[in-house]
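What follows is one structure encoded as C-alpha cells, with my remarks underneath.
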Amino acid sequence: MNRVVLLVVVLLILAAGGGATAVWWWLRPPEPEWTSASPRAIRKLETGLADLAKMYAVDAVRSFEEALELDPSFAMPKLHLALLYPSRSERMRMVNALREVELEALTPRERFLLSYELARFDGREGDASQALETFRERDPEDPYGIRVQCRVYWEAQKWDAAEECYHHLLALHPNWVEAHNNLGYIAMGRGRFTEAEERFQTYRYLAPDQANPRHSLAMLLTVLGRYEEAQAEIDEMVTIKADFCDAYTQKIELGMMSGQLELARGGLEQLRSIEACSYLQDHGAMCSLEAWVLYLDGELEAARQHLTGSCLERLDGFDLLAHRLAVMNGDAEQVAEMEQKLRHYLDKVVAAERPIHAQFLESLLAHMRGIQALAAGDYRAASEALTQADQGLGYWGGERANIKLFNQLNLLRTLELGGRAEQAAAVRRSIDAVNPRLIEAFPLPDVIMPSSAALGP
Amino acid sequence: MESRSFNTTPLLLAFGLVAFGLAGLSIADMFVPRPYDGVVPDDVPGQLVVREVIPGSGADQAGIEPGDEIKGIAREAVSSPARAARVLNRYRAGQEVVYLVKKSSGEIIFPEVRLGLRRIGDGAYLYSSTLGFAFFLVGLFVLVRQPTMRVSQIFFLLCGLFLLFLVCRMRPAAYSSVDALVLGIGTIAFLLLPAAFLHFYLLFPRPAWLNAAAESPRWRPIARLWRVGWPMIYVIPPLVFWISYRVGEARETRPELTHGAPAANWWLLALFMLLGLMALLANSRRLNSARERRGMAMVMIGSFFGLAPFVIASLALDSDQHSGRFFFLGVMPLALVPLTFAYAIVRFQLLDIRVILRRSLLYTVTTALVTGLYAGGIATFNAFFRNSTLVKSGYFPIILALAIVLLFDPLRRRVQEVIDRYFFAGRSRLQRTMVELGEAMTAQMDLQAVVEELVEKLPQLLDLRFAALYLLRGYRLERVAGPDRLPATLPVLPELERHLQRRGMLTRLDQLGALPLRSIEVANLADELTAEGAELIGNLTSRRRHIGMVVLSGKQGQIALEREELELLERLLHQASLALETSMLLDERTQKAELEREIAIAATIQSQLLPAQLLFADGWEVAAECRPARIVVGDFFAQLPTDDAEQSAVIFGDVSGKSVAGALMMMAAHEALYALAMTRPQPAELFALTNRRLYELGKRSFVALGYFAASGDGCNLRYLVAGQPPPLLRRREGTVSELPLPDHRIPIGAMPIGSYRELEQPIEPGDLVLGYSDGVIDARSPDGDFFGYDRLCEVMAESPADANILVNNVMQAVRDFTRGGLQYDDLTLVAVGRRLAETARGQVV
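Top to bottom, those sequences are chains B and P. By the count of my numbering, the first sequence reaches residue 872 at its end, each step adding exactly one. By the count of my numbering, the second sequence reaches residue 1804 at its end, each step adding exactly one.
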C-alpha cells in the first residue's frame, strides 16, 4: 500500500502543479493586439473597427482619425483610412504614410495587414496573396487572417470557398457579424431563403444597435414579399440611424415591389434630403430609382428622359429599364449602343476571370434580347432568351434578386402571350414560391405589348 | 492469461481515485448556485438543441420547447452548452436575457428568458448515481480482496467505468462549465465500457476457454491471438466512434447521438455483451466446482436481465425515437448486475472471496424490513377500508394489533430461516465441526494423537494446504508434524512470542508489522516460512508454559481466511494447547518416573561402589561418611592399593557438577583411580595418570581429590590434595590445624597436565586427620549462613580422639546447623588417625 500512497502523493503534486500553471495561464495579461503607446488610441481604433463591422463607414473614418490624432505613429488607423477615404488623394496620403511605418515594431497580424494592403494598393496581387498565405500558415486561427481570406474568396465570387471560409471563421468567432451577413447573402443568392433569413436574423440579434443587419433582412423580406416585416425593419433602421441611406433605398424598392409607389416616392424625397446620401447621385443609383418609380407610375416618357444623358453615363452606359424604354421607343441605335457597352464590359469581366459576374452579364444580355424579341412579337425567341436569362440569374442581393424576378415576370407575360399556358403556370409557381405577392403587387405595365410598342400617343 | 510485467493495482487504484473524484465533482457541481434557464441540452455536436425543458422554468415560460435550437443567448451566438454556460455565468438568477431560438418549425423567435437557479438532479439521476457508486464499491471491494488477480482488476476497471458513465454521463446537463468535462469523461467511459465488459467476461472467473483453446490445435491460434491482441478490444469502440463521425462528415450529416454516443457504439455494446455472455457460458461449463457454477449462473442471470433492458432502452427506444425518455427504464434493472455480483460473492465465494456477514446486522435489517412491510400493509388496509364501518369500529385497532403480534414473529422467523439457510449454513457447519474437533482433541491423552488431530484434520476442515506443529524441546522448537519442506526446528524468539501474545494467538506472517524491522531473526523466520507457503503463525501456550507453535498455510485457491474463521481457529488452538499440555505433562511425568527409577538404580550402584569397610595401616584407625545431596551422588571415597603392598590408601573425591552428570563423572573417576591404582604407582603419578584420563574424556568436568595413606613405618601420614580443602589435623590435646599443602593442588581433569606432590605429616598416637569436601563448610543454615571452617574446627576440637566419633560429630553438627534444610552439596568426611590402643582397623560410618 505504500506504493499506492506514493503514487497518490505524486498525482496530487502533479495536479497542484497543473492547477497552478493553469491559474497562471488564465491570469496572465493578454498580449496587445494592436501596436500603440496610447491605450485611448487603441480604444478609438476598436470603436472604428466596430463601426466598420456595422457598415458605418463615416463613423468608422471619424474614429480612425481620432485614433490617429491620439497616436500619429499608429499604423492601423492609417491602414483603414487608406481603404475608407473617398478621395483618392487622401487615400494616397495614408498609403504613403504607411510606407514609412517600421514593420518590425508591429505585431505579426499588423505586419500582415499592412503588407497585404500595400501590395494591393501597388497592384502587386501576387505579393498580396503570398503575404496572406504566409500569415495563414503561421497563424491559421487568426480571425483577421481568416477574414481577409474570406474576402478574397468573396470578391473573386468563389462562393463555395467563401461559404466554407466564413463557416470556419464563425466556428472560431461565432459573434463575427460580417460572416453571418455574407453567409446570408450567399444563401440568398443560391435561393436558400430560410437559411439566409436565419443568418440575417442572427446578425440582427447579435448587433441590435446596428442598422445594417436590418437592411439585409429588409432586403430579403422584400424579395420574399413579406412587405410588412420589411417595412418594420426599415422603420427600425431609420430609428437606429436616421442618415442610413440603405434604409431609404430599401424603402423605395419596397414601395416599387409592393406597388406602394407613394412609399417609394417618399423614400426618394427622404434620400434627396440627406446630405450623407449624396454619393448615390454620383453613382447613378438615385436616377435609376427615380426612373423606375416614374416607369411604374406609367410615366414612360419621363422615365426615358430621366435615364438619358448624365444619368445613363453614371450607370456605365447601360441599364435594363433604359434598354426597355429604348426598345419600346424603337430607338434601335440606343439599344445597340447599350448592348455594345454591356458586351464590352462582359469581355473585361471574362478577361478578369470572374465567371459568375460574367454569367450575370450574359444573363442581362439574354434579357435584353428577350425584351427585343417580345417587342417584335416573337414570343418563342423571347421566351427562349428570357429562360436563358432566368437560368443565369440568381438572387444575389436585393438588386439582382429583383432583376431575376423582373425577368421572370417578363417571361411569364411572354409565355401567356405566346399561348403557352402550361409553361406560364410553371413560371407563375416559381415566382409565387419566392414571392407570392409579386405578380399581384407588381403589375408589369403592358407598354411593351406590340400594340403599344411606341411611347408616343 | 496475458503476461504482466508490473503490478497494475496501484494504477487502477489511482484511476479509481480519479473516477471517484470526477463523480464527486459532477454531483457537487450541481449544488453550486448558477443562473439557469431550465433547458436540458441534447447531445448534438456544434448545436445547442433543446432536449428537455424544466416545467415552470424561464425557458418554459418563454415558450422554448424540446427540439428547438438555441442559437443565441444575451446577444451572443452559442453553438454548444459550454459556450452557453460561459454566457449565462455573466448573469444572475432573476435577470432577463434575450434568446435567439430557431423553432423546430424553422421560425426564428427572440424570447426573453428569466433566469432562475439551476436544478439539482432528479430522482432518476439520484438512482443512477447510487447505482454508479454501488458498482464502484463492489469493484473496490473485489480489488481490495484480490488485488493481484487480473480478473478482479478488470472488474474494478469495469465498475469504475460504470461509475463514470452513470454519474457523469447521466448527469442532467445544465450548461455548467463542469458539464463539458464530466460529460466528455462520461462519453469516454461509455466508449471503453463495452471493451472492459467483454474483457472481464472473457476472463471471469478464470479464462477456462482460453486454457482449453490453448490445448486444442484447432483453437490454438485464437488463444495466441488473444494473448497478443487483447488490447485491441479497447481500441475498437473509440475506432467505431471515430468512423461514425467520419462517415457522418462524408455524408454531410452529423451522427445521431444517444447519451453521447452514436448508435454504432450502442450496437457494439450489444455485440460485446452477447460475446461476453457467451464467454461466460463457455467458462462456466469448464468449472469443476458446483459452487462456482451456481455463482456463475447467478452472475449470468443478473448480467442478462440487468444489461439487456439497458441496451434495448437506449438502442431500440431512445435512439429510434430520439429521446431519453426510456433510458431510465433501461437503467433501473442495471442494479441487478452489482446486486447479483455481490450476492454471488457472498453466497458462492466467487473470485475466491469470502464475506462473513454479521448475523446481528442482517437480522436487524430483516426486522426493519418486516416491520416496514407490516406498516405498509396496515396503511394499505386502512386506506382500503377507510370508509367502511370496520375502520371506525373501536375493536379495529385491537384486532389489528393482535394480528401484528400473531403474524409478525412467524414471518420474521421465516425470513431468518431463509437467511440462515442461504448465508450461514456453511459457517454453522464449520463452527460445529471445529467444536467437535476441539472436544476430540481435549479428550485425547496421547500426544501423538492430539498432534495428528490438529495437523491432519485442520487443513481438511478449513481447506488449508497444510498445517505444521512445532513443540518446545529444550531451547528450540522442533517440528513434530507438518510438511518436510518446512524447517525441522525453529528458534525460540522471545520478541515473536511477546508479539503473538499481544496480537492474539494467531497472526498472519505478513502482518507482523514492524516486528521484522526490530528483529532480524523474526524477519528471517517470517521470510523462510513465507517462502515455503506459510501464511499464519500461532503461539501454543497455556497459563503455565509455552508449548510450541503452529504454522498454517493459506487456503486452497485464493480465498483468504476470514476474521471469523481466524477466531474459530484461535479457539481451537487454545483447546489444542490445553490438550497438548495435558498430553505433554503426562508424557513428562512418565519420563520422570522412568528417570527416577533409573537414578535410583544408579544410586544403588553408586552406594555399592563405596566400601562397606575401610582398611588402613596398622595402628591407625579410619572412618568415612558420604551424604549425598540428591539421589545420586558426586562425592565418593574409596580404598586403593598403594605402592607399598603392605599398605592401603583412602581417597575421597568431589566431582564438579551435580545430579546424573556428576554421578557419571564420579563413576568414571572412581573406576579410573581404581584401575590405575592396580599397577601400584606412586600417589603423585596415580593422580597425574588419572588427571590425563579424565581430561581426555573431554567433559570439562573435574574431580577434587584427597589421598591418605600411612608411611611404611606407620608414623607418618602420606597425603595428596588436588582441589580438596586442606585436611585438618587434630592433635591429641585438642588443637586443630591445617596440614601443609603443596603450591599447586589443581583438581583432577581440569587441565591436561597436572603437577601433584605427595606430602608427609608425622602423626602421633591420638592425632586425627580429617579430610572433607567443600559441601561441609558450604552447608547453609535456613538463615543463609555457612557452616564454615571455624565451626568445623570447633567441632573437631571438641570431639574425642576417635575417628568414628569425629565423623559422626561433624555430620551431626552439620545436620544441627542446617536444621533439616535443603542440602546443596554432597558431604564427604574421611578421618584417619593413630590409635592410642588397638581398635578396629577401620569403619565406614
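We put the beta carbon where it would ideally sit given N, CA and C, even for glycine. Keep in mind it's a predicted model, so treat the numbers as computed, not measured.
Put simply, the CB of ALA1041 (chain P) is far from chain B, with every gap to its CB atoms at 7 Å or more.
The alpha-carbon of GLN1534 (chain P) is positioned some 41 Å away from that of ALA1562 (chain P). By the Cβ-count criterion, HIS1629 (chain P) is buried, with 16 or more other Cβ atoms from all chains shown falling within 10 Å of its own Cβ.
If you draw a straight line from the Cα of LEU1161 (chain P) to the Cα of TYR1193 (chain P), it is about 14 Å long. The beta-carbon distance between LEU1406 (chain P) and ASP1546 (chain P), rounded to whole angstroms, is 5 Å. This is short enough to meet the 8 Å contact definition. Residues of chain B with a Cβ closer than 7 Å to the Cβ of LYS1030 (chain P) are, in chain order, THR617. Residues LEU1688, ARG1689, ARG1690, ARG1691, GLY1792, ARG1793 of the same chain have their beta carbon placed closer than 7 Å to that of ASP1726 (chain P), with the five preceding and five following residues left out of the count. The stretch 567-587 of chain B makes no contact with the stretch 606-616 of chain B; the number of CB pairs closer than 8 Å stays below 3. Neighbours of LEU422 (chain B) in chain P, taken as residues at a C-beta separation under 8 Å, are given in chain order as PRO969, LEU970, LEU972, ALA973.
Unbroken beta strand (DSSP E) runs of no fewer than 3 residues, entirely contained in the stretch 1051-1135 of chain P, are found at 1055-1061, 1071-1073, following chain order. Using a CB distance cut-off of 7 Å, TYR620 (chain B) counts as an interface residue toward chain P. Residue nearest to PHE974 (chain P) within the set P:GLY1005, P:ILE1023, P:GLY1098 is P:GLY1098 (criterion: CA-CA distance).
Closer than 8 Å at the C-beta level to chain B, one finds these residues of the stretch 1044-1076 of chain P: VAL1057, LEU1059, LYS1061, GLY1065, ILE1067, PHE1069. The C-alpha of ALA647 (chain B) lies about 16 Å from the C-alpha of MET672 (chain B). Looking at the DSSP output, LYS1514 (chain P) bridges to P:LEU1423. The C-alpha of LEU1455 (chain P) is placed about 11 Å away from the C-alpha of LEU1468 (chain P). If you look at TRP811 (chain B), you'll find it isn't in any beta strand (DSSP E); DSSP assigns it neither H nor E. For GLU1208 (chain P), no Cβ of chain B is located within less than 7 Å of the residue's own Cβ.
Here the alpha carbons of PRO555 (chain B) and VAL999 (chain P) stand approximately 34 Å from one another. Taking the C-beta atoms as reference points, ALA622 (chain B) is found no nearer than 7 Å to VAL653 (chain B). Within 7 Å of the CB of ALA1036 (chain P), the CB atoms of chain B belong to PRO589, ASN590, THR617, LEU621, in sequence order along the chain. Contact between PHE1425 (chain P) and PRO1442 (chain P) is confirmed by a C-beta separation of about 5 Å, below the 8 Å threshold. THR609 (chain B) belongs to the set of residues whose beta carbon lies under 7 Å from a beta carbon in chain P.
Neighbours of GLU613 (chain B) in chain P, taken as residues whose beta carbon is under 7 Å from its own, are LYS1061, ILE1067 in chain order. The alpha carbon of THR1326 (chain P) has as its nearest neighbour, out of P:GLN1375, P:ASN1170, P:ALA1559, the alpha carbon of P:GLN1375. Membership of SER1478 (chain P) in any beta strand (DSSP E) is not indicated, and neither H nor E is assigned to it by DSSP. By the Cβ-count criterion, ARG1461 (chain P) is exposed, with fewer than 16 other Cβ atoms from all chains shown falling within 10 Å of its own Cβ. At least 7 Å separates the beta-carbon of GLY699 (chain B) from that of CYS660 (chain B). Taken through DSSP and simplified to helix, strand or coil, ASN850 (chain B) comes out as coil.
For the pair of segments examined, the stretch 1761-1773 of chain P was found to touch the stretch 1730-1739 of chain P: the number of CB pairs separated by less than 8 Å reaches three. Residue burial annotation: ILE1202 (chain P) is exposed, with fewer than 16 other C-beta atoms found within 10 angstroms of its C-beta.
One finds VAL423, LEU426 in chain B with Cβ atoms closer than 8 Å to the Cβ of LEU976 (chain P), taken in chain order.
With a contact defined as Cβ atoms closer than 8 Å, HIS772 (chain B) and GLN616 (chain B) miss out at about 28 Å.
TYR1666 (chain P): not part of any alpha helix (DSSP H); member of the beta strand (DSSP E) spanning 1662-1669, first to last residue. Unbroken beta strand (DSSP E) runs of no fewer than 3 residues, entirely contained in the stretch 1487-1573 of chain P, are found at 1493-1500, 1505-1512, following chain order.
Short of 8 Å from the beta carbon of PHE1069 (chain P), and not among the five residues preceding or following it, lie these beta carbons of its own chain, in chain order: VAL1057, TYR1058, LEU1059, VAL1060.
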